[in-house]
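Heads up, the sequence shown is in numbering that gives the first Met the number 0, so the first residue is 0 and it goes up one at a time.
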Amino acid sequence: MRIHKASMAAAAALVVMTVGAPRRVVAQTTAAAAGTAKGTFSVAGKSATLAHAVAFNAGAIIYVVISDQPIPPDEAKSEFELAKYQFLHKVVGLELTLDHARKVTETAYRWDLGQHPCAGCFDVAISGGADGPLTGTVKTTAKGQAEKLNVDVAFSAPFAKASAKK
Numbered sequence: 000m001r002i003h004k005a006s007m008a009a010a011a012a013l014v015v016m017t018v019g020a021p022r023r024v025v026a027q028t029t030a031a032a033a034g035t036a037k038g039t040f041s042v043a044g045k046s047a048t049l050a051h052a053v054a055f056n057a058g059a060i061i062y063v064v065i066s067d068q069p070i071p072p073d074e075a076k077s078e079f080e081l082a083k084y085q086f087l088h089k090v091v092g093l094e095l096t097l098d099h100a101r102k103v104t105e106t107a108y109r110w111d112l113g114q115h116p117c118a119g120c121f122d123v124a125i126s127g128g129a130d131g132p133l134t135g136t137v138k139t140t141a142k143g144q145a146e147k148l149n150v151d152v153a154f155s156a157p158f159a160k161a162s163a164k165k
């Protein structure tokens with residue numbers, strides 16, 4: 000009987016030490032998979048989930064599209080084709096224009112079939128090598144909030160390559 004009581008006391012002490020001991024929680028951050036985004040975008044209280052991202056190299060400038068639906072590379076061989084596809088398919092999301100040094104030169108959003116430029120509405124952090132993917136985050140600034148915009152998204156945008164089919 001003494002062994003049983005001693006075992007019970009030891010087990011109880013172990014439980015108290017385990018439960019009472021502070022635990023170190025390690026945050027697990029994983030890079031977004033290429034071609035994906037994770038976040039939301041809202042305009043005047045209406046929201047959309049942004050789950051896709053892609054970059055298009057147009058020579059002197061690069062377009063990054065973060066959207067609610069994937070953009071097929073064959074539909075975005077030029078700025079005109081990209082805009083046409085987004086209009087016809089009612090794409091919702093963000094557009095970032097970068098110069099050759101990958102500095103953001105323009106920001107806009109797509110909502111209700113229109114493109115709406117909004118300089119200073121978004122805080123963009125972006126990085127990536129010459130061959131991509133371009134990774135980063137987009138968050139709303141005070142100006143964006145005044146325009147009734149809200150965005151908080153992380154993305155990984157590979158450079159689109161058109162398929163070989165003609």
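For every residue, glycine included, the Cβ atom is placed at its ideal position computed from N, Cα and C.
None of the values given here were measured: they were computed from a predicted structure.
Residue i burial status per 10 Å Cβ neighbour count (16 or more: buried)
i	result
L148	buried
L87	exposed
F55	buried
T106	buried
L112	exposed
A52	buried
P71	exposed
G44	exposed
S155	buried
A26	The predicted position of A26 is uncertain, since its pLDDT is 29 and thus under 50; a value taken from the coordinates is nonetheless stated next. Classification of A26: exposed, given that the 10 Å Cβ count is below 16.
Top-ranked residue by Cα proximity to residue i, from the options
i	options	result
E94	N56, A75, K37 and P116	P116
A100	A59, A43, A33 and F154	A59
G127	D67, G38 and P157	P157
A50	Q85, E105 and I65	I65
T48	N56, A54 and T39	T39
A141	V103, C120, V90 and Q114	C120
R109	V137, V42 and I125	V42
T136	Q144, V90, V150 and A129	V150
T104	D130, I61 and E78	I61
P69	T35, E78, P132 and K160	T35
Those residues which DSSP pairs with residue i across a bridge
i	result
Q114	R109
L81	According to DSSP, L81 bridges with nothing at all.
F40	A47 and V150
D67	Its beta-bridge partners do not exist; DSSP assigns none.
G92	S66 and R109
A124	T136
Nearest-angstrom beta carbon gap, residue j and residue i [assumed within contact, 8 Å]
i	j	result
D122	K138	5 Å
V152	L97	The pair is not a contact, with the Cβ atoms about 16 Å apart (cut-off 8 Å).
K57	E74	The displayed chain sequence assigns Ala, not Lys, to residue 57. Not really, about 14 Å apart at Cβ, beyond 8 Å.
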